[in-house]
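Please read the structure below before turning to the comments.
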Amino acid sequence: MAEEKLPTRAEDFSEWYNQLVLRADLADYAPVRGCMVVKPYGWALWENITSWLDKEFKATGHVNATFPTLIPMSFFEKEKEHVEGFSPELAVVTHGGGEKLEEPLVVRPTSETIIGYMYSKWVKSWRDLPILIVQWGSVLRWEMRTKLFLRTAEFYWHEGHTAHASEQEAKEEMYRILDIYEKFCYEEAAIPVIKGTKSDTERFAGAHTTTSIEAMMWDKRALQSGTSHYFSTNFAKAFEIQFLNKENTLQLAETTSWAISSRIIGAMIMVHGDDQGLILPPRLAPIQVVIVPIFKNDAEKAKVMEVADRVFAELKAAGIRIKMDDRDNVSSGFKFNDWEMRGVPLRLEIGPKDVEKGSVALARRDKPGREGKSFVSQTDLAVTVSGALSEIQSALLKRATEFRDANIHDPKDYEELKQVVMDGWAFSWWCESRECEAKVKEDTKATTRNIPLHQPGGEGTCIVCGKPAKRKVYFAKAY
Ligand SMILES: [Zn+2]
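Following this note's numbering, the numbering of the sequence shown begins with 141 at its first residue and continues without gaps.
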């Protein structure tokens, strides 16, 4: 499989993506409409993502718990915007044990309702707050078209659900989480995301405020990569989450919810991948280094494997995630292509000449060909390899940041905006009216991505209608 070329990204980006996911061995199509099977290599990548986030959540006072997959239909009807937003995507269980259920059950598309119900039981006094719970699992939203990782009916995620005594605390929580998401994307996934607030039309159904992190893919479309919502007392009202405050009066709690899903894997593929396949950032790669021993006969093999085994043990002991590719039924060239397809950041080759010279060859995945190849000493190899992995990590972030910045435009008028969003993002003043937002969407298919938290300052005029505008927004076509 690895010997067949992928379509190039320029030829057909969508098909490049579809084939890459299968050939890099990340996931496969399930025999269930709209669903995916995440294969061991893809799941190992997801585990590296989740374990970083889990650690960060726990360090900021959160705890994990789990709630049912099935939610009574009536729960959804308690919050009007929430039910309107989610109705078209719900999968509903009508029968159980061979009988029609008195009340249909919804396969959770998100868990605000059932968690809100439980919080109303648990919260009595200000002393019970805050509650900072994270649930890890999967949810189901009916989808018409499937694209592995990006759009599947069932997908994997965590959903944080918190309840607080005051508006200020709840808002601080929303931003604290957004900061964790931003840190994750920059430092781990090497994806330069932009933090901001969603417009009213783009916000989560039932939320007071939705914030997001947005990333630019290789085709310059945007991908919402994580969201953090502040609900004010919307869900507390619907589910009667109330408590006696310090003044001994009954008060509604303020709640939040937030999530990053397995979509982030799609983002990593589309930000870093190249025409040879996947490129994984070293900090998240399930395999950081693959050793390919090279020999022509048994005598060479004995010498080469002796060094290869020693190097393997040394690097493994240094905490590097390493794999030995000692398959004897495929050529070295096949192995190179195979690991390039699977995005392993660093390949370490050892041949008979290296054994003589006390060296090994390192080939960087992010710099194909000669440019990324170097010959280094076997002495202190763990230090050299760790250094190379951090260089790759920084190079990926730098490349993605330069690419993003080169493709964000500041159009001078509406005509120019219509041009630039065909192949990039526009960063423009906007009056924040639904009419202007709808006009851009109708004329170009671009939507508002977010209003960044970091604004240039000053005031301007709306790029669409010319009225005064206080903030700038990103317009882009999105996944
Ligand atoms: Zn306007």
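Built from N, CA and C at the ideal position, the CB exists for glycine as well.
Within 10 Å of its beta-carbon, does Arg281 have 16 or more other beta-carbons around it, so buried, or fewer, so exposed?
In the sequence shown, counting from the first residue as 1, residue 281 sits at position 141. The residue is buried, with at least 16 neighbouring Cβ atoms inside 10 Å.
Proximity of Ile532 and Arg504 at Cβ, strictly below 8 Å
Residue 532 sits at position 392 when you count from the first residue of the sequence shown. Residue 504 sits at position 364 when you count from the first residue of the sequence shown. Yes, the Cβ-Cβ distance between Ile532 and Arg504 is below 8 Å.
Assigned secondary structure, Gln275 (DSSP; H/G/I helix, E/B strand, else coil)
Start at 1 with the first residue of the sequence shown, and residue 275 comes out as number 135. If DSSP states are grouped into helix, strand and coil, Gln275 belongs with the strands.
Contact defined as beta carbons within less than 8 Å: I believe Thr337 pairs with Ile603. What is the distance between those atoms, to the nearest angstrom?
Translated into positions along the sequence shown, residue 337 becomes position 197. Translated into positions along the sequence shown, residue 603 becomes position 463. Contact flag wrong, Cβ pair sits at about 18 Å.
Excluding five sequence neighbours on each side, which residues of the same chain lie with their C-beta closer than 7 Å to the C-beta of Phe226?
Walking along the sequence shown from the start, residue 226 turns up at place 86. Closer than 7 Å at Cβ, skipping near neighbours: Phe216, Pro249, Ala345.
Under 8 Å: do the region 204-213 and the region 240-248 share three or more Cβ pairs, one atom per stretch?
Inter-segment contact for the region 204-213 and the region 240-248 is present: three or more beta-carbon pairs are separated by less than 8 Å.
If I follow the unbroken beta strand (DSSP E) through Leu488, where does it start and stop?
Sequence index remark: in the sequence shown, residue 488 carries index 348 (1-based). Annotation for Leu488: the continuous beta strand (DSSP E) segment containing it runs 486-490.
With a threshold of 8 Å, are at least 3 pairs of Cβ atoms found where one atom belongs to the region 394-404 and the other to the region 302-314?
Segments in contact, yes.
Using 10 angstroms around the beta-carbon of Trp569, count the other beta-carbons present and answer buried if the total reaches 16, otherwise exposed.
Stepping through the sequence shown from its first residue, residue 569 is reached at position 429. Buried: at least 16 other Cβ atoms inside 10 Å.
C-beta atoms of Leu162 and Ile409 nearer than 8 Å:
For the purposes of this step, residue 162 is identified with residue 22 of the sequence shown, where counting begins at 1. For the purposes of this step, residue 409 is identified with residue 269 of the sequence shown, where counting begins at 1. Contact: no.
Ala362 to Thr541, Cα distance in whole Å?
Indexing the sequence shown from 1 puts residue 362 at position 222. Indexing the sequence shown from 1 puts residue 541 at position 401. Cα-Cα distance, rounded: 14 Å.
Taking DSSP as the reference, what is the three-state secondary structure of Met141?
Walking along the sequence shown from the start, residue 141 turns up at place 1. Because Met141 carries a pLDDT of 46, less than 50, the predicted location of this residue cannot be relied on, and the following value inherits that uncertainty. The answer is coil: DSSP assigns Met141 none of H, G, I, E or B.
Please find out if some non-hydrogen atom of ligand 1 comes closer than 7 Å to the beta-carbon of Lys195.
For the purposes of this step, residue 195 is identified with residue 55 of the sequence shown, where counting begins at 1. Lys195: no, Cβ never under 7 Å from ligand 1.
Which residues in the same chain have their Cβ closer than 6 Å to the Cβ of Ala355, if we skip the five residues on either side of it in sequence?
Here residue 355 refers to the residue found at position 215 when the sequence shown is read from its first residue. Excluding sequence positions up to five before and after Ala355, its CB lies within less than 6 Å of the CB of Ile331, Val333, Leu363, Ser365, Ala407, all in the same chain and listed in chain order.
Integer-rounded CB distance, given that Lys475 should sit under 8 Å from Asp465:
Position 325 of the sequence shown, counting from 1, holds the residue named residue 465. Position 335 of the sequence shown, counting from 1, holds the residue named residue 475. Yes, they are in contact, since the Cβ atoms of Asp465 and Lys475 sit about 5 Å apart, within 8 Å.
Given the structure, does Ser573 come close to ligand 1, in the sense that its CB is under 7 Å from one of the ligand's heavy atoms?
Walking along the sequence shown from the start, residue 573 turns up at place 433. At least one heavy atom of ligand 1 is nearer than 7 Å to the Cβ of Ser573, so yes.
If you draw a straight line from the C-alpha of Lys607 to the C-alpha of Glu387, how long is it?
For this step, residue 607 is matched to residue 467 along the sequence shown. For this step, residue 387 is matched to residue 247 along the sequence shown. One C-alpha to the other measures close to 46 Å.
Between which two residues does the beta strand (DSSP E) holding Gln364 run?
In the sequence shown, residue 364 corresponds to position 224, counting from 1. If you look at Gln364, you'll find it in the beta strand (DSSP E) that goes 362-372.
Given that a residue counts as buried once 16 or more other Cβ atoms are within 10 Å of its Cβ, and exposed if not, what is Pro422?
Position 282 of the sequence shown holds residue 422. Answer is buried; the Cβ neighbour count reaches 16.
Assign Gln391 to one of three DSSP states: helix, strand, or coil.
Here residue 391 is taken as the residue at index 251 of the sequence shown, counted from 1. Residue state, collapsed to three classes: strand.
What residues match up with Val168 in a beta bridge as DSSP calls it?
Locating residue 168 in the sequence shown gives position 28, where the first residue counts as 1. With the sequence shown as reference, residue 168 is identified as Asp, and Val is not the correct amino acid for it. BP columns for Asp168 point to Val177.
DSSP on Asn188, reduced to helix/strand/coil?
Translated into the one-based positions of the sequence shown, residue 188 becomes position 48. Note: Asn188 maps to helix in three-state DSSP.
Backbone CA spacing between Lys443 and Arg149 [nearest angstrom]:
On the sequence shown, residue 443 is found 303 positions in, with the first residue counted as 1. On the sequence shown, residue 149 is found 9 positions in, with the first residue counted as 1. In this structure, the straight-line span from the alpha carbon of Lys443 to that of Arg149 is close to 41 Å.
Sort Glu224, Glu489, Gly600 by Cα distance to Tyr449 and report the nearest one.
Residue numbering aside, residue 449 sits at position 309 when the sequence shown is read from its first letter. Looking at the sequence provided, one finds Asp at residue 449 rather than Tyr. Relative to the Cα of Asp449, the nearest Cα in the group Glu224, Glu489, Gly600 belongs to Glu489.
Can you give me the start and stop residues for the alpha helix (DSSP H) that Gly459 sits inside?
Taking the first residue of the sequence shown as 1, we reach residue 459 at position 319. According to the DSSP assignment, Gly459 belongs to no alpha helix (DSSP H), since it is labelled neither H nor E.
To which residues of the same chain is Thr341 closer than 7 Å at the C-beta, ignoring the five residues directly before and after it?
Within the sequence shown, the letter at position 201 stands for residue 341. Same-chain partners within the cutoff: Arg574, Glu577.
Which residues in the same chain as Met141 place their Cβ atom closer than 7 Å to its Cβ, once the five residues preceding and following it in sequence are excluded?
By one-based count along the sequence shown, residue 141 stands at place 1. The pLDDT assigned to Met141 is 46, lower than 50, so where the model puts this residue is not dependable; a value taken from the coordinates is nonetheless given after this. Excluding its 5 nearest sequence neighbours in each direction, Met141 has C-beta neighbours in its own chain below 7 Å: Arg163, listed in chain order.
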